[in-house]
Amino acid sequence: MRIDATGITASAGGRRVLSDVTLNLQAGAFVGLIGPNGAGKTTLLRILAGLAPPAAGTVAFDGADAARLGRRALARRIAYLAQDGPVHWPLRAEALAMLGRLPHRGMLGGVTAADRAAVERALARTDTLHLRRRIVGTLSGGERMRVLLARTLATEAALLLADEPVAALDPRHQLETMALLRDAARSGTGVVAVLHDLTLAARFCDRLILLSDGAVLADGPPDQTLTDANLRDAYGIAAHRGRVGDRPFLLPWTALSTQGEPAR
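Everything in the sequence shown is counted per UniProt numbering, starting at 1 for the first residue and increasing by one.
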């Protein structure tokens, strides 16, 4: 599965949030979509998922547009995890995860052995098997996000697009979720995640797309994207860098003034 976005422009609330964004995504890589608040990350992710049309530009899914491919076929190929997806009914966690199988069987289709196996795998991978009988409304924010991730994984799509999948999680589950997404990419699934934690993004992602003021400021491996100049220009920060064994890490440390000096 491949997505080619060309010249994407979008507006929200009378303000342009994306300007002439061009990129491509494909299976087998863990891509972090990063940038400051208001940079257009969520808007771009929704457009890439075929959930919102751009004001200008085109998005092709394996060379076809969304209308030609069809909504159900697109839903089987691309799984989308919203930042704070609503759950409108008092569903048990297992039933919520089973909704990820709808693109494969339709609203009235019966649950198959393959559906049950896919949900079981997804619950196990997200450490939510013990929550399967719980009503989603009784879960903590972090537990709920992991169940929503299980629903996304249960689709077994070629591409997984996730909006801030670790934002509500404790440190252990952040690390486990990032490792899960990285392993999914290594197994052949394309993963794109909106991330704010640059330390996690630098450690786990194969590629980072840095948005700033609605445009792509940098796109490449973490060490080429998270340069001092890019951190200053996009975020107005400086970072400390170090190594753990042979692995580098980055830690955002200082807010900078508009002149590039440490803010007082």
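For glycine and all other residues, C-beta sits at the position ideal for the given N, C-alpha and C.
All of these numbers come straight from a predicted model, not from anything done at the bench.
_Pop quiz: T189 and L161 are said to be a contact at Cβ under 8 angstroms. What is the actual Cβ separation, rounded to whole angstroms?_
Between T189 and L161 the beta-carbon gap is near 11 angstroms, outside 8 angstroms, which marks them as no contact.
Nearest to P165 by alpha carbon, out of R72, L45 and G70? The shortest C-alpha separation from P165 is found at L45.
State buried or exposed for T254, treating a residue as buried only when at least 16 other CB atoms are found within 10 Å of its CB.
Exposed.
TODO: Could you pull the start and end residues of the beta strand (DSSP E) that N24 belongs to?
DONE: Element bounds for N24: R15 to Q26.
Tell me the DSSP bridge mates of G32?
Beta-bridge pairing links G32 to A193 and L208.
Give me whichever residues DSSP pairs with L136 in a beta bridge. Going by the sequence as given, residue 136 is Val instead of Leu. Partner(s): none; V136 has no beta bridge.
Exercise. For P248, which beta-bridge partners are listed by DSSP?
Worked result: Beta-bridge annotation (DSSP): P248 is paired with R243.
Review point. Going by other Cβ atoms of all chains shown within 10 Å of its Cβ, with 16 needed for buried, is G32 buried or exposed?
Key: G32 is buried by the Cβ-count criterion.
For this session: Just mark L35 as buried or exposed, buried being the case when its beta carbon has 16 or more other beta carbons within 10 Å.
Result: Going by the sequence as given, residue 35 is Gly instead of Leu. So G35 counts as buried.
Check: Are three or more beta carbon pairs between the segment 82-102 and the segment 128-141 nearer than 8 angstroms?
Finding: Cβ pair count under 8 angstroms is three or more, so yes.
TODO: Inspect the beta-carbon positions of P262 and L256 and report whether they are closer than 8 angstroms.
DONE: The answer is yes: Cβ separation under 8 angstroms.
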